[in-house]
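Each residue of the sequence shown is one higher than the last, beginning at 108 in my numbering.
Here a beta-carbon is modelled for each residue, glycine too, at the ideal position from N, C-alpha and C.
Read through the structure below, which is laid out as structure tokens, and then see the notes.
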Amino acid sequence: MLNSILVAIDNSDLAVKVLQAVGQFQLKPTAKVILVHVVTSGISEFDREVDRPHAQGNEIAYREVEKLLQSYQEKLPCQSELEIVSGEAAQEILRLANIYKADLIAIGCRGLTGVKRILAGSVSAEVVAEAPCSVLVVR
């Protein structure tokens with residue numbers, strides 16, 4: 108039974124596919140979906156305020172992401188929460204999965220291969236390797 112699902116989404120077309128995949132589950136009204144967006148900052152841990160990407164002068168971008176997540180949230184058949192955090196994507200997704208005691212993490216996979224994967228890394232692969240619960244990877 109899925110009581111808590113963490114859905115990691117960005118502002119790409121892949122986000123819609125991840126939400127469609129989660130929508131195929133017959134979620135009970137008591138289930139909770141946590142929509143997560145991680146803003147990568149490119150600055151060190153010591154130079155940023157945790158979980159406050161808008162404090163970095165990106166308030167407009169933050170509001171756009173918030174509106175996007177709210178539009179997804181309106182379509183969910185169950186309780187939901189929004190989390191917009193800054194940091195390393197995989198680390199933040201795993202941190203939030205632990206906080207919310209997620210039964211499932213749903214995440215997209217960009218399908219990078221070769222040099223691109225080495226340089227950019229694979230968030231989904233890291234989440235799968237270290238997740239405290241099951242992970243649904245959507246291509």
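Would you decide whether E152 is buried or exposed? Buried here means 16 or more other CB atoms lie within 10 Å of its CB.
Confidence at E152 is low in this model, with a pLDDT of 46, below 50, so the placement of that residue should be treated as unreliable; the coordinate-derived value is given next. By the neighbour-count rule (16 or more Cβ atoms within 10 Å), E152 is not buried but exposed.
The region 179-186 in contact with the region 128-144 per 3-pair CB rule at 8 Å
yes
Can you tell me the Cα-Cα spacing of A204 and E171, whole angstroms?
24 Å
A196 burial status per 10 Å Cβ neighbour count (16 or more: buried)
buried
Going by CA-CA distance only, name the one from I167, I116, V146, E166 that's closest to V244.
I116
For L109 and L211, believed in contact at Cβ under 8 Å, the rounded distance:
6 Å
Could you name the residues of the same chain whose beta carbon sits closer than 7 Å to that of Q180, not counting the 5 residues immediately before and after it, in chain order?
L142, S187, L189
Does the Cβ of E156 have 16 or more other Cβ atoms within 10 Å, making it buried, or fewer, making it exposed?
Residue placement at E156 cannot be trusted, given a pLDDT of 49 that sits under 50; what the coordinates show is reported in the next sentence. By the 10 Å Cβ count, E156 comes out exposed.
Selection from R246, G215, E199 that minimises the alpha carbon distance to E237:
E199
Contact check, V192 vs I214 under 8 Å by CB: the rounded distance?
About 15 Å; that fails the 8 Å criterion.
Which residue or residues does DSSP assign as beta-bridge partners of K139?
S111, Q186
Do you know offhand how far L201's Cα is from A209's?
10 Å
Helix, strand or coil for S178, going by three-state DSSP, please let me know.
helix
Strictly by DSSP, which residues pair up with G194?
G194 is not bridged to any residue.
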